[in-house]
Structure formats: structure tokens, C-alpha cells
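In the order they appear, the protein sequences are chains W and A.
Just so it is clear: in the first sequence, position 106 is 106 by my numbering, and no numbers are missing.
Just so it is clear: in the second sequence, position 334 is 334 by my numbering, and no numbers are missing.
Heads up, the beta-carbon is just placed ideally off N, CA and C, and yes, glycines get one too.
There are 2 protein chains.
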Amino acid sequence: MVGQSGGPTAVINASVAGVVSEALNHGCVEEIYGTLNGVLGILQEDLIDLAAESQQTIRGLKHTPGAALGTCRYKLKKQQDFDRVLEVFKAHNIRYFFYAGGNDSQDTADKISKLAQQQGYDLRVIGIPKTIDNDLPVTDHCPGYGSVIKFVSTTVRELACDNEAMGQGDLVSIVEVMGRNAGWIAAGAALAKRRDHPHDPPHLIYLPEIAFSTEKFVADVQRVLKREKYCLIVAGEGLVDADGNYVAAEEKTDAFGHAQLGGAGDYLKGLVEQNLPGVKARLAKFGITQRAAAHAGSKTDAEEAYLAGQAAVKAAILEAETDKMVTLIRGNGDHYTCETGLAPLSDIANGVKKLPREWINEDGVSMNHQFVRYAQALIQGETPVPYENGLPAFAKLEKNSVETILPASEL
Amino acid sequence: MVGQSGGPTAVINASVAGVVSEALNHGCVEEIYGTLNGVLGILQEDLIDLAAESQQTIRGLKHTPGAALGTCRYKLKKQQDFDRVLEVFKAHNIRYFFYAGGNDSQDTADKISKLAQQQGYDLRVIGIPKTIDNDLPVTDHCPGYGSVIKFVSTTVRELACDNEAMGQGDLVSIVEVMGRNAGWIAAGAALAKRRDHPHDPPHLIYLPEIAFSTEKFVADVQRVLKREKYCLIVAGEGLVDADGNYVAAEEKTDAFGHAQLGGAGDYLKGLVEQNLPGVKARLAKFGITQRAAAHAGSKTDAEEAYLAGQAAVKAAILEAETDKMVTLIRGNGDHYTCETGLAPLSDIANGVKKLPREWINEDGVSMNHQFVRYAQALIQGETPVPYENGLPAFAKLEKNSVETILPASEL
Numbered sequence: 001m002v003g004q005s006g007g008p009t010a011v012i013n014a015s016v017a018g019v020v021s022e023a024l025n026h027g028c029v030e031e032i033y034g035t036l037n038g039v040l041g042i043l044q045e046d047l048i049d050l051a052a053e054s055q056q057t058i059r060g061l062k063h064t065p066g067a068a069l070g071t072c073r074y075k076l077k078k079q080q081d082f083d084r085v086l087e088v089f090k091a092h093n094i095r096y097f098f099y100a101g102g103n104d105s106q107d108t109a110d111k112i113s114k115l116a117q118q119q120g121y122d123l124r125v126i127g128i129p130k131t132i133d134n135d136l137p138v139t140d141h142c143p144g145y146g147s148v149i150k151f152v153s154t155t156v157r158e159l160a161c162d163n164e165a166m167g168q169g170d171l172v173s174i175v176e177v178m179g180r181n182a183g184w185i186a187a188g189a190a191l192a193k194r195r196d197h198p199h200d201p202p203h204l205i206y207l208p209e210i211a212f213s214t215e216k217f218v219a220d221v222q223r224v225l226k227r228e229k230y231c232l233i234v235a236g237e238g239l240v241d242a243d244g245n246y247v248a249a250e251e252k253t254d255a256f257g258h259a260q261l262g263g264a265g266d267y268l269k270g271l272v273e274q275n276l277p278g279v280k281a282r283l284a285k286f287g288i289t290q291r292a293a294a295h296a297g298s299k300t301d302a303e304e305a306y307l308a309g310q311a312a313v314k315a316a317i318l319e320a321e322t323d324k325m326v327t328l329i330r331g332n333g334d335h336y337t338c339e340t341g342l343a344p345l346s347d348i349a350n351g352v353k354k355l356p357r358e359w360i361n362e363d364g365v366s367m368n369h370q371f372v373r374y375a376q377a378l379i380q381g382e383t384p385v386p387y388e389n390g391l392p393a394f395a396k397l398e399k400n401s402v403e404t405i406l407p408a409s410e411l
Numbered sequence: 001m002v003g004q005s006g007g008p009t010a011v012i013n014a015s016v017a018g019v020v021s022e023a024l025n026h027g028c029v030e031e032i033y034g035t036l037n038g039v040l041g042i043l044q045e046d047l048i049d050l051a052a053e054s055q056q057t058i059r060g061l062k063h064t065p066g067a068a069l070g071t072c073r074y075k076l077k078k079q080q081d082f083d084r085v086l087e088v089f090k091a092h093n094i095r096y097f098f099y100a101g102g103n104d105s106q107d108t109a110d111k112i113s114k115l116a117q118q119q120g121y122d123l124r125v126i127g128i129p130k131t132i133d134n135d136l137p138v139t140d141h142c143p144g145y146g147s148v149i150k151f152v153s154t155t156v157r158e159l160a161c162d163n164e165a166m167g168q169g170d171l172v173s174i175v176e177v178m179g180r181n182a183g184w185i186a187a188g189a190a191l192a193k194r195r196d197h198p199h200d201p202p203h204l205i206y207l208p209e210i211a212f213s214t215e216k217f218v219a220d221v222q223r224v225l226k227r228e229k230y231c232l233i234v235a236g237e238g239l240v241d242a243d244g245n246y247v248a249a250e251e252k253t254d255a256f257g258h259a260q261l262g263g264a265g266d267y268l269k270g271l272v273e274q275n276l277p278g279v280k281a282r283l284a285k286f287g288i289t290q291r292a293a294a295h296a297g298s299k300t301d302a303e304e305a306y307l308a309g310q311a312a313v314k315a316a317i318l319e320a321e322t323d324k325m326v327t328l329i330r331g332n333g334d335h336y337t338c339e340t341g342l343a344p345l346s347d348i349a350n351g352v353k354k355l356p357r358e359w360i361n362e363d364g365v366s367m368n369h370q371f372v373r374y375a376q377a378l379i380q381g382e383t384p385v386p387y388e389n390g391l392p393a394f395a396k397l398e399k400n401s402v403e404t405i406l407p408a409s410e411l
């Protein structure tokens, strides 16, 4: 069984395609099921037959954004929930479980795996890394990250062409990008700069890693406006002040207790308008579109996501591994190479990898060559999205239901 | 001389490339100058030598967004300004003037042309249509429009994949797009629907052409949430209520007296949160990035923009035309064809072409097949943007200054 969890990405479906195509290679695999909406589908015995999908559809998943199986942010808490998961697994004789997701999802996978071990039910659980936030520990990087920063840096480069044409020393352009706890995505915008052109846009990058100061912000913007004709800013949504408080927090929290952010861009726009009379501030806020932008996706990223799915199946079946997550390991050579490894789920679950402080320049608003070297490899190549009638053609699963065996259960 | 004016697009540089490459075909053309920042560059005698640019650069303009010559929103008002324009033209023996822009720019071109005629100065002035708003009269459509709706409908299709995976009957996703006076861009999002799938996203399109009603909006959203698992909305920035007032107007106005809009998306987000408890609303606001999205540009659009530039030069030199704008004329056949024509600048200046009411369905929130047929032809083909090191490589003009002849003038 394979499932998807957490926020979708441009390449999480490529991982499912990798799982399905690899699973077909192994005679011991009798059925390939997908759970709809992650663990919710297990609890509700809402499963589909992935082996019944056409080869064309599975191939199409390699470039289809979103999460074709549906996803969830449901957190298994009650013992009753965990028991139900194993009950469903036993009923359908599920012996391999692959879960693509971020840290919360790997935590869930870890708990399911441990419970099966306790109960002596032979189940192999392998996590597949997925997050645009790039904040999972151990793995060099996460599938989903390369595509989102390719889209963001592409767009920043385009926006710069437009802003440069309009700017007369009075234009500030702000791009708000995702990134709840870490500035990985905002940092990725630095790739838009041409080599050896440090003054290229983005002129200023504001990261959650650097305490935000209004005084410094205003001074930064004034300095850039004086030097250039316009100022292009990229800001992560999770900016915090010196006391660690979000500069533009909203009150809401999600099911995991994370603050739901947004508004950092509006906040900076307001600061410009209040502090720099006569200067126009324009805001672009990609919202969810950035993590779904398969049309501007990284081929490297999509291929690694697919590879991670394959590696998960190989590890479980060929190496009898369990309770691990697939990691991506970068080679040491000058030429970028990437292979997969494995790490205990407990090492991943609920961990957060911060952007290294030493990759951020002294000025706090730009990235150094170490970051650029790290990130540039991840955006190489263009995802070969097929076009039909002028628009990307995406795959849609048929979703043939697997017959339920158990009585329905209340969540 | 060629100049660019108003908001940049993904293809206005393609028009300049068309002008330059065509001008080189004509022996009577001794020099090819560009004016920096539209009429401002003429007033300031800030001209560059376009013939000195490399062929590679001019070819690169065909896929480079922004306005490579710089643009402006300066409105010539004083007689002194107009006199200065002619003075500069005379000093440099400018006999052909090509101005790519929207309605205000064509108005400026018209006035310059008329003044030259009055003064007996032999000058041929041809306008080149440019606006993502697609609101110029006479021409079937405007270069810039096809690319922006290709980007918007691509993104809506991707966002839908993501939203569908997340939605549990409680997710409203709002995309705010440009369009000050007309809903052409918001309407273009309808292309994201697959043929014969009227319930495909975007589920609701709000246009400035249809008076906005909060009651209807809430009922629309409730209906969609009941039918689908999520509701994807596209809204033009210029929504107005039954009294013709902007629903989310800001106080500012630009140099032409147009209201500077923004905030329609935030306004709808607020309405959802206030009226539908338990429903999450997410906003994406492309801002300027939508009109610069060359990486998702329409090949048809880029080719027509180039063609319009060439046609302008041919009309002026071969047909001795003046005081006209190039128009795009769609063929009557089943297969889309497009050729250029000419229309008097005075017929274009300050006119606005509204989205035909009969192309909007009775429900006021979706487009019919007549619109789809009109718009679909304009997004065909993908602009062949070259990639370097994972990102689009754009052209940058060398901008070799033309020596000034006149004493500097105060604006």
C-alpha cells in the first residue's frame, strides 16, 4: 500500500509512480493498493487498486502536480486509530506500506511500524521524503524542493525584467513565498542571480533564520533603491522578530498545532508605504500555486522523486528493511550525483533541518556560493510536461475501489 | 525610432525584435534608434542605437519578458512637451516612429503624428498593439493577452490538482488576476477546464462585467463546495458592485487618473471566512508576475507580437502609412489564422473593448463556447525559451547611447 500525506508538491506523484512501477517488478507483490487521503483512507478502508490503472496514467503521474491519491493533515492520536490501521492492514494482508510525506507523516509511519512490531504483525514500513520546505533531517534534500525553487527563481528573473523596465527609483516589488520554519524556499530565489552579478535581483531576501528588524529593512530598501532603479524583495512567510514572534502571524493553527502563516508580504508592503513616501510597493503572493508548478518543474527533482519511490520498494522487498525513510545522498565529486540511502524514521520524525547560517551572507539578505552550489544542482533540467491544446495534460487516476472487508468505523 | 510604453508584457520585446529585423531589410533606413522609457526618452534625448545590438540579443528579445527599452506611464500634456518631441525627432532626422503600447500610448502616438502633420514635418507614426488586458478596440486581440491567459490557465489547472487532493468540502482557493476595466484575463482562466467538463475548475469566475453581489457569491461558493470537495475561484482585480463601485478599491490613482486596484482577492477571502464558518480560504495573487511569465508563454502570441512589429515597419515604409495602429485580424475559417491590418490611431486611443456579455454564461460565473473558441487559439504552442543552468536565459540590451545633439531640457 502506498499513501500520500501533508501538502502536495509538483513531484509527490512521481514518487507514487516509482513505487507502483517498481512493485510490478516483484513477483511477491500480489496487489498494489493506494490509500485515499493518507491515513484517513486506511481508517475508512477507502482503498483503490493502483495495479488496475493504465500504464499511461502511471507514467503521467511523473509530471502531474498535487497528490493523486488525495492527502490529509489528520494526526493519528488515539490508540483506537492505530489499532484500526493494523486491523485494515491485516484484513487486506498489507505487508508493505509506503508513505510519502514530511516530518509529521514520517512520525505517523514510525508509530504504525512500531505498533506492528509490538503486535508481531509482519509489516515493512518505508517512508518517502516529500516537502517543498526541504526541512527533513538526514537527507541531503527533499523531493519537491528543487521544483519549487526552480519556479520561484524563474519567476523572480522574469519579474525583474518587468520591474527594471518600470522602475524609476520608486518601485519596490515583494514576492512572498512559502516556508513555515525555514527559509529554504526564499533562499532558493537567489538562483535567479547570474553568476558574478551579486547586484542582480533578488536584491533582498528575508529569511525566518534572521531576526527581522524594521530599521534594517527600511535601510536595506533605501540602499537598493539608490543603487538600482527598483528593489526586488523575496520574503519567506515565516519571518520572526528578535523575540522570535512572527511579524505577521495570524491567529489560526492547524491540526498539528503549527501556526498558519501568511501576510508577511502584506506586512512588508505596508512598511514600505509607511516609511518611504512616494515609493510604490507591489506584492506577488504565489500561495499554493508555487508547490504545484509542474510546468516549471525541475527534471532532476522529478527523477529523484521517482527514484525515491523505487528505492522504498526495493529496500522493503529486497533488503527486508522497515521503519526507515529513503534519503537522498549527494556524491562528493565536482559533478552532481545523487543516490538513495535509508535512515530510521525516528531520526526524521518531527525533526527540522534549518538553513545553515554559514550559507547566508553577513548582510543577512543574500546567500553565498555554498548555498548556490547546493541548490543549483537541484533545478537542472525541465520536467517534460506534455501539452495538449495549449495546456499541460495531467494524469487522473481512475480510482477503482477495493472492496471493503470490515464493518465501517467511526473516526 | 521605436519605443515601448505602459505595462510590460511577456511579448512586447518580440514586437521590438520584429521592428528591428524588418527595418534592416530597407535600404532607406539609415539608423535604428530606441527611446529609453517611451516618450520620456524622447523628451530627454535618451536614445540608444538598436542597430548596434548583436543579432543574438535581438533574437533573444523574442522570448524576453519586460520592456527591454524601459517603459513609462508619463502622459504628454503640455504643448511644450509635444514641441520637444518634434524637436528631438528633427535633430536626429527621425522619419519613422513606432510605439508599442495600450490605449493611452496610442493616444500619445496619435497626438505626435497630428502635430507633425500640422508642422509639415514628414513623419510616419505607426502604433503596435500591446496589452495583457486585451481591451484595445478594432483589433481581434492584443499581443500579450495569449501569454498571460496561458500562464493563468496553466496555473489554475495545476492548483486544481493540489486543491483536489486537500479539499474535504472545506477549502476555497482564490486566484486574483489583473484586469482593470475588463475581465478578459479572469475569463481566460476558463481554458483550464477540459472540453465537455463544465464542472472542472475554475468553478467560479468573477468578472468586472458582472455586478458583484455578496449574497450570490456566498450561495455560489456553497453550491460548489456541496458538489465538489473544494471551490476554485478566479477573480479579476476590478470587481464592481451594482452601483459600479469597486468592491475593494484603494484610494490611489495613477498618472492617467485610473484607480490603482488590488485587494479583490483579499476581499473575497474575507467574505468566505466571515460567511462560511469552518471553511478555509487560500489566496494566490500573481501580481506583476503574470504579465512577465515568458516561461509559460504562448508561441502564437510571441509570433504575432513579432509579426505586428514587422507589419508596422512595412506599413510605414512600403505603404507610406501613418497615424495608424497595426491590428490583428482573425480569419473566418475553422482553422485559426491571423493576419495584420491597420486602423486609425484615433479609433484606438482611449477606447476600451469590453468582454462581450453574450460570451458569459447566464450564471455570470462561467464562459461559454464562443469565448473558449476565441481564446483557445491564442494560447497554442509554447514559447521556445532557452534554458541555461536550469533557468530561462533572457536577453539584455547593450544600450549604446546615441550622442545627444540638443541642449538638455527640463521635463
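Beta-carbon proximity list for residue i, same chain, < 6 angstroms, skipping 5 on both sides
i	result
residue 381 of chain A	299 and 300
residue 255 of chain A	At residue 255 of chain A the pLDDT is 49, less than 50, meaning the model places this residue with poor confidence; the figure from the coordinates comes in the next sentence. For residue 255 of chain A, where only same-chain residues beyond five positions count, the Cβ hits under 6 angstroms are 73 and 75.
residue 34 of chain A	2, 48, 50 and 69
residue 386 of chain W	393
residue 23 of chain W	29, 32 and 313
Pair within 9 angstroms by beta-carbon distance, residue i and residue j
i	j	result
residue 281 of chain A	residue 174 of chain A	yes
residue 6 of chain A	residue 104 of chain A	yes
residue 124 of chain W	residue 320 of chain W	yes
residue 401 of chain W	residue 43 of chain W	no
residue 159 of chain W	residue 232 of chain W	yes
residue 240 of chain A	residue 201 of chain A	no
residue 365 of chain W	residue 269 of chain W	no
residue 36 of chain A	residue 85 of chain A	no
residue 296 of chain W	residue 154 of chain W	yes
Beta-carbon proximity list for residue i, same chain, < 7 angstroms, skipping 5 on both sides
i	result
residue 214 of chain W	271
residue 53 of chain A	397 and 398
residue 122 of chain A	95
residue 152 of chain A	177, 185, 188, 189 and 290
residue 224 of chain A	203, 204 and 231
residue 169 of chain W	225 and 229
Of the residues the options, the one placed nearest residue i, counting alpha carbons only
i	options	result
residue 264 of chain A	A:284, A:190 and A:397	A:284
residue 3 of chain A	A:357, A:27 and A:48	A:48
residue 229 of chain W	W:212, W:279 and W:219	W:279
residue 143 of chain A	A:167, A:377, A:357 and A:41	A:377
residue 352 of chain W	W:393, W:135 and W:392	W:135
residue 354 of chain W	W:115, W:9 and W:183	W:183
residue 391 of chain A	W:388, W:386, W:84 and W:379	W:379
Close Cβ partners of residue i (< 8 angstroms) along its chain, the five nearest in sequence each way excluded
i	result
residue 359 of chain A	187, 367, 368, 370, 371 and 374
residue 17 of chain W	58, 59, 61, 62, 306 and 309
residue 331 of chain W	337, 338 and 339
residue 227 of chain W	199
residue 405 of chain A	45, 91 and 92
residue 273 of chain W	279 and 281
Would you list, in chain order, the members of the region 113–133 of chain A that have their beta-carbon closer than 8 angstroms to a beta-carbon of chain W?
Residues of the region 113–133 of chain A with a Cβ closer than 8 angstroms to any Cβ of chain W: none.
Report the residues of the region 271–290 of chain A with a CB closer than 9 angstroms to any CB of chain W, ordered along the chain.
Those residues of the region 271–290 of chain A that come within reach of chain W (Cβ to Cβ, closer than 9 angstroms) are 280, 282, 283, 284, 285, 286, 287, 288, 289 and 290.
If you pair each beta-carbon of the region 144–153 of chain A with each one of the region 205–221 of chain A, do three or more pairs fall below 8 angstroms?
no
Chain-ordered residues of the region 377–399 of chain A with a beta carbon less than 8 angstroms from chain W
379, 380, 381, 382, 387, 389, 390, 391, 392 and 394
Report yes or no: do three or more beta-carbon pairs, one from the region 325–334 of chain W and one from the region 128–148 of chain W, lie closer than 8 angstroms?
yes
Does the contact criterion of 3 or more C-beta pairs under 8 angstroms hold for the region 340–354 of chain A versus the region 109–119 of chain A?
yes
Per the contact definition of three or more C-beta pairs closer than 8 angstroms, is the region 58–72 of chain A in contact with the region 91–98 of chain A?
Using a Cβ-Cβ distance cut-off of 8 angstroms, the region 91–98 of chain A and the region 58–72 of chain A are not in contact, since fewer than three pairs of beta carbons, one from each stretch, lie closer than that value.
Give the residues from the region 164–186 of chain W that approach chain A closer than 7 angstroms (Cβ to any Cβ), ordered along the chain.
164, 165, 166 and 173
Three or more beta-carbon pairs under 8 angstroms between the region 303–310 of chain W and the region 302–317 of chain A, yes or no?
No: fewer than three Cβ pairs fall under 8 angstroms.
Where the region 52–85 of chain A meets chain W: residues whose CB sits under 9 angstroms from a CB there:
64, 65, 66, 67, 68, 69, 70, 71, 72 and 73
Name, going along the chain, the residues of the region 198–220 of chain W whose beta-carbon falls closer than 9 angstroms to a beta-carbon of chain A.
none
Please name the residues in the region 315–337 of chain W whose beta-carbon is closer than 9 angstroms to at least one beta-carbon of chain A, in chain order.
none
Which residues, in order along the region 146–164 of chain W, keep a beta-carbon less than 8 angstroms from a beta-carbon of chain A?
150, 153, 154, 155, 157, 158, 159, 160, 161, 162, 163 and 164
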